[in-house]
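Written out below as structure tokens is the structure these notes cover.
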Amino acid sequence: MAPVVLVEDLRVRFTTPDTVVHAVNGISFTLEPGRVLGILGESGSGKSVTLRALIGLLPPRRSHVDGRIVVGGHEITRMSERELRDVRGTRIAMIFQEPMTALDPVFTIGEQIAETIVRHEGISHPEAYRRALELLEMVQIPSATRRLKSYPHEMSGGMRQRAMIALALSCRPTVLLADEPTTALDVTVQIQIIVLLRQLQQDLGMAVVFVTHDVGVAVEVADRIAVMYAGRFVETGLAEAVIRSPAHPYTAGLLASTVLGAARGQRLEAIPGSPPDMTALPTGCSFAPRCRFAEPRCRDALPAEFALASDRTVRCIRVAAGEIDVAAGTPNGDAVVGWQRRAMEEPARGTAR
Amino acid sequence: MSPLLAVKGLTKHFPLRSGLLSRAKPVVQAVDDVSFEVDAGETLGIVGESGCGKSTTARLLMHLAPADRGTIAFDGSLVGAGEGLSRRDLHRQMQMVFQDSYASLNPRLPVSMSIAFGPLVHGLGKPAALARAMDLLQAVGLDPLSFANRYPHELSGGQRQRINVARALALQPRLLILDEAVSALDKSIEAQVLNLLLDLKERFDLTYIFISHDLNVVRFISDRVMVMYLGKVVELGPVDRIYREPKHPYTHALLSAIPSMDPRHRTTEAPLSGDPPNPINPPSGCRFRTRCPFAEPVCEEVPPALQMGEDGRAVACHMLMPGSGHSRA
Numbered sequence: 010m011a012p013v014v015l016v017e018d019l020r021v022r023f024t025t026p027d028t029v030v031h032a033v034n035g036i037s038f039t040l041e042p043g044r045v046l047g048i049l050g051e052s053g054s055g056k057s058v059t060l061r062a063l064i065g066l067l068p069p070r071r072s073h074v075d076g077r078i079v080v081g082g083h084e085i086t087r088m089s090e091r092e093l094r095d096v097r098g099t100r101i102a103m104i105f106q107e108p109m110t111a112l113d114p115v116f117t118i119g120e121q122i123a124e125t126i127v128r129h130e131g132i133s134h135p136e137a138y139r140r141a142l143e144l145l146e147m148v149q150i151p152s153a154t155r156r157l158k159s160y161p162h163e164m165s166g167g168m169r170q171r172a173m174i175a176l177a178l179s180c181r182p183t184v185l186l187a188d189e190p191t192t193a194l195d196v197t198v199q200i201q202i203i204v205l206l207r208q209l210q211q212d213l214g215m216a217v218v219f220v221t222h223d224v225g226v227a228v229e230v231a232d233r234i235a236v237m238y239a240g241r242f243v244e245t246g247l248a249e250a251v252i253r254s255p256a257h258p259y260t261a262g263l264l265a266s267t268v269l270g271a272a273r274g275q276r277l278e279a280i281p282g283s284p285p286d287m288t289a290l291p292t293g294c295s296f297a298p299r300c301r302f303a304e305p306r307c308r309d310a311l312p313a314e315f316a317l318a319s320d321r322t323v324r325c326i327r328v329a330a331g332e333i334d335v336a337a338g339t340p341n342g343d344a345v346v347g348w349q350r351r352a353m354e355e356p357a358r359g360t361a362r
Numbered sequence: 273m274s275p276l277l278a279v280k281g282l283t284k285h286f287p288l289r290s291g292l293l294s295r296a297k298p299v300v301q302a303v304d305d306v307s308f309e310v311d312a313g314e315t316l317g318i319v320g321e322s323g324c325g326k327s328t329t330a331r332l333l334m335h336l337a338p339a340d341r342g343t344i345a346f347d348g349s350l351v352g353a354g355e356g357l358s359r360r361d362l363h364r365q366m367q368m369v370f371q372d373s374y375a376s377l378n379p380r381l382p383v384s385m386s387i388a389f390g391p392l393v394h395g396l397g398k399p400a401a402l403a404r405a406m407d408l409l410q411a412v413g414l415d416p417l418s419f420a421n422r423y424p425h426e427l428s429g430g431q432r433q434r435i436n437v438a439r440a441l442a443l444q445p446r447l448l449i450l451d452e453a454v455s456a457l458d459k460s461i462e463a464q465v466l467n468l469l470l471d472l473k474e475r476f477d478l479t480y481i482f483i484s485h486d487l488n489v490v491r492f493i494s495d496r497v498m499v500m501y502l503g504k505v506v507e508l509g510p511v512d513r514i515y516r517e518p519k520h521p522y523t524h525a526l527l528s529a530i531p532s533m534d535p536r537h538r539t540t541e542a543p544l545s546g547d548p549p550n551p552i553n554p555p556s557g558c559r560f561r562t563r564c565p566f567a568e569p570v571c572e573e574v575p576p577a578l579q580m581g582e583d584g585r586a587v588a589c590h591m592l593m594p595g596s597g598h599s600r601a
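Sequences listed follow chains A and B, in order. Okay, so the first sequence: first residue is 10 according to this note's numbering, each after it adds one. Okay, so the second sequence: first residue is 273 according to this note's numbering, each after it adds one.
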């Protein structure tokens, strides 16, 4: 199937009078219709910047975008602001972490959704308002008719998030970008939004790029996972493969740092040091200064993307050379999911699929 | 042996300003009749969603806000009573680390001074206080020579949180309250700070109260866990037992809501619908009844008391109280 998103060697840098921040340093990927890519990374890894580049939301005067981005046949990187406005909402839409800032505080939810539909599809306002009601029902907002007339501040956090999803889906986009949409929510609400998003994605056949820092959330939503570090994908693959047998030392370290696999009170296998300074990235592998497998040659040149399998890439020269197997000896795979599975096997738990 | 910290009937209601004409004054029942004990050397985890009162509980323990009712006894002496421990004495024994590592440090002081500040106020001489700050920098894994004279804005979030831990330890307290202390950190940094907390606990014989919304972290670090919902304790007991076999329907739902780590076994159904209700004028009876799949009339009428079971765990649910009037009891 032809990909609906195509990104080639995307690079983004931000310039200030004093410094240049290299936020994204050459990422390439494709996404087929109806698939979900989870981008997993820590703060400053460039995951949100990547997402904003995909919808042309980076500030034009302070950011510099190189590379090619094609979404649904549109070359985002070559479009004017006016052309972008027509594509946003209809082809590609985005949901954010903080719905309170993404929604307009002085208009009701119904007005905001209807306005979007009128703007893009040119139908009458009453007709658009009816569509807004359908959308609120689709995102399972209780008493939707009444909620159409609510202002964002009158809603709870979870309901606002649903309203923002309804707004994003109002013109049936083919690609949905999700920037940590569940991070600010309580855990019982987070899982509701995850389940809803996955259901909508399947019903509507959308492609989704979902950015998160939370391994568990990525596992719940993504078909494929791309692990991002210092503006590059260090590892990509099917979610199951990446989680159960991580190939890159950073992925393995990240999984070992999530406390799930560790026995209580045992020291965690933490990654030493801190993420690199994005204004002065090292020449070689940017993870080398923190990597316990690093050798002097890791610092010489940037590791190329190496295909481990047909659907699996890793940026590490030692893994590519078959010298190290980071999955061995890290609490991944069965150890990580052990108690989770026990918890799931309890009868009251949602049925596994 | 008496517990290191004994809390009885702790209550805090925040009245809201009401309209001129409305009669009933809205009240946020942030913490309502909360009792628990912490033994020396253990880690008590407190979990719950926003608005459940976990941070207010911490502030009440530290006397950062006055409690409406209830008593706090530290190592057998009542706090705040005429005869007992003064607030100043309490702060020598009990210190707190907050979530926002930047807001909890003075931006105009080099970090060594921030650490030495407490001991200075409590009467230690300046050279001795600074020497202690240097030792503590070392203890939290920061080289005193290169970090002592830096200012908070020159440090990363993880380094600042290490400074906050050092600051909290400067008075040589016995109990540390960690209020979402690792929540703002990235996973790889969070793991480093958790390791540090384990080391320090052993080295300085500390007792922790660890407050977090991250259920995995709480399971990792705690010996016992206290689950709160809308200002009430719903379940309290050994962490392994509660995580393996939660008894309160809310605890069960909360633990089932943790994202799965297994792509082959994803969560297909959310255990609860809706958001936690507003803590202003919470539901009568059991506060969880509006979201509980097993709620019956008795749950609306009678607030369930926290009942101690045989396995060292306490649960507040009518279903587990024989004779409560609930059909499942």
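Ideal Cβ positions, reconstructed from N, Cα and C, are used throughout, including at glycine.
Does residue 156 of chain A have its Cβ less than 8 Å from a Cβ in chain B?
Closer than 8 Å: no.
Does any C-beta atom of chain A lie closer than 8 Å to the C-beta of residue 458 of chain B?
It does; some Cβ of chain A falls within 8 Å.
Please state the DSSP three-state secondary structure of residue 363 of chain B.
Helix.
Would you list the residues sitting across from residue 451 of chain B in a DSSP beta bridge?
The partner list for residue 451 of chain B (beta bridge, DSSP) reads B/483.
Is the stretch 43–56 of chain A close to the stretch 210–230 of chain A, with three or more CB pairs under 8 Å?
Taking 8 Å as the limit for Cβ pairs, the verdict is that the stretch 210–230 of chain A does touch the stretch 43–56 of chain A.
Near residue 560 of chain B, which residues of its chain fall below 6 Å by C-beta distance, leaving aside the five closest residues on each side in sequence?
Taken in chain order, the residues that qualify are 501, 522.
Please name the residue, chosen from B/439, B/544, B/377, B/582, that lies closest to residue 508 of chain B on a Cα-to-Cα basis.
Answer by Cα proximity: B/582.
Using a Cβ-Cβ distance under 8 Å, would residue 189 of chain A count as near chain B?
So, not an interface residue.
Is the distance from the Cβ of residue 406 of chain B to the Cβ of residue 384 of chain B below 8 Å?
Yes, these two residues count as a Cβ contact at 8 Å.
Counting C-beta neighbours from all protein chains within 10 Å, is the total for residue 132 of chain A 16 or more, i.e. buried, or is it exposed?
By the neighbour-count rule (16 or more Cβ atoms within 10 Å), residue 132 of chain A is not buried but exposed.
Thinking just about the alpha-carbon of each residue, which of A/77, A/189, A/24 is nearest to the one in residue 14 of chain A?
Minimum Cα distance to residue 14 of chain A is reached at A/77.
Between residue 590 of chain B and chain A, is there a C-beta pair that is closer than 8 Å?
No, its Cβ sits nowhere closer than 8 Å to a Cβ of chain A.
Once DSSP output is grouped into helix, strand and coil, what is the label at residue 339 of chain A?
Because the pLDDT of residue 339 of chain A is 45, which lies under 50, any placement of that residue in the model is unreliable, and the question is left without a value.
I need the straight-line Cα distance from residue 356 of chain B to residue 362 of chain B, nearest angstrom please.
Their Cα atoms are separated by approximately 10 Å.
Nearest by alpha-carbon distance to residue 504 of chain B: which of B/321, B/458, B/444, B/364 is it?
Answer by Cα proximity: B/321.
Please classify residue 321 of chain B: does DSSP put it in a helix, a strand, or coil?
Coil.
Please name the residues in the stretch 212–226 of chain A whose beta-carbon is closer than 8 Å to at least one beta-carbon of chain B, in chain order.
Those would be 222, 223, 224, 225, 226, in chain order.
Do you know whose CA, among A/267, A/288, A/239, A/117, lies nearest residue 297 of chain A's CA?
The option with the nearest alpha carbon to residue 297 of chain A is A/239.
Please state whether DSSP places residue 301 of chain B in a helix, a strand or coil.
Note: residue 301 of chain B maps to strand in three-state DSSP.
Where does residue 319 of chain A land, buried or exposed, given buried means 16+ other C-beta within 10 angstroms?
That one is exposed.
Less than 8 Å between the C-beta atoms of residue 317 of chain B and residue 465 of chain B, yes or no?
Cβ atoms of residue 317 of chain B and residue 465 of chain B: not closer than 8 Å.
Tell me which same chain residues have a C-beta within less than 6 Å of the C-beta of residue 552 of chain B, skipping the five on either side of it?
The residues are 298, 300.
Going along the stretch 291–309 of chain A in order, which residues come within less than 7 Å of chain B, judged by CB to CB distance?
Correct list: empty, as no residue qualifies.
Is it buried or exposed, residue 339 of chain A, if we count other Cβ atoms within 10 angstroms and call 16 or more buried?
The pLDDT assigned to residue 339 of chain A is 45, lower than 50, so where the model puts this residue is not dependable; a value taken from the coordinates is nonetheless given after this. When all chains shown are included, residue 339 of chain A counts as buried.
How would you list, in chain order, the residues of chain B whose beta-carbon sits under 8 Å from the beta-carbon of residue 286 of chain A?
Those do not exist, as residue 286 of chain A stays about 10 Å from chain B at its closest Cβ, beyond 8 Å.
Under the three-state reduction of DSSP, which class applies to residue 342 of chain B: helix, strand or coil?
The answer is strand: DSSP assigns residue 342 of chain B an E or B state.
Using beta carbons (cut-off 8 Å, strictly below), is residue 421 of chain B in contact with chain A?
Answer no: the Cβ-Cβ gap between residue 421 of chain B and chain A never drops below 8 Å.
Run the CB neighbour count on residue 301 of chain A, radius 10 Å, all protein chains shown included, and call it buried at 16 or more, exposed below.
By the neighbour-count rule (16 or more Cβ atoms within 10 Å), residue 301 of chain A is not buried but exposed.
Below 8 Å on the Cβ atoms is my guess for residue 174 of chain A versus residue 104 of chain A; work out the distance and round it to an integer in Å.
That pair is a contact at about 6 Å.
Measuring only the C-alpha atoms, how far is residue 461 of chain B from residue 279 of chain A?
Computed Cα separation, rounded: 8 Å.
With a floor of 4 residues, list each alpha helix (DSSP H) that falls wholly inside the stretch 506–569 of chain B, ordered by position along the chain.
As far as the stretch 506–569 of chain B is concerned, its whole alpha helix (DSSP H) runs of at least 4 residues are 511–516, 521–528.
Name the chain A residues whose beta carbon is nearer than 8 Å to that of residue 409 of chain B?
Neighbours of residue 409 of chain B on chain A: none; closest Cβ ~17 Å, over 8 Å.
Around the Cβ of residue 58 of chain A, are there at least 16 other Cβ atoms within 10 angstroms (buried) or fewer (exposed)?
Under this definition residue 58 of chain A is a buried residue.
Compute the Euclidean distance between the alpha carbons of residue 20 of chain A and residue 187 of chain A, then round it to the nearest angstrom.
Each residue's Cα considered, the two are about 20 Å apart.
Can you tell which of A/163, A/143, A/161, A/185 has the C-alpha that lies nearest to the C-alpha of residue 154 of chain A?
For the residues A/163, A/143, A/161, A/185, the minimum Cα distance to residue 154 of chain A belongs to A/143.
Give, in chain order, every residue of the stretch 248–279 of chain A whose Cβ lies closer than 7 Å to some Cβ of chain B.
For the stretch 248–279 of chain A, which is checked against every Cβ of chain B, the residues closer than 7 Å are 248, 249, 252, 262, 263, 266, 267, 268, 269, 271, 273, 274, 276, 277, 279.
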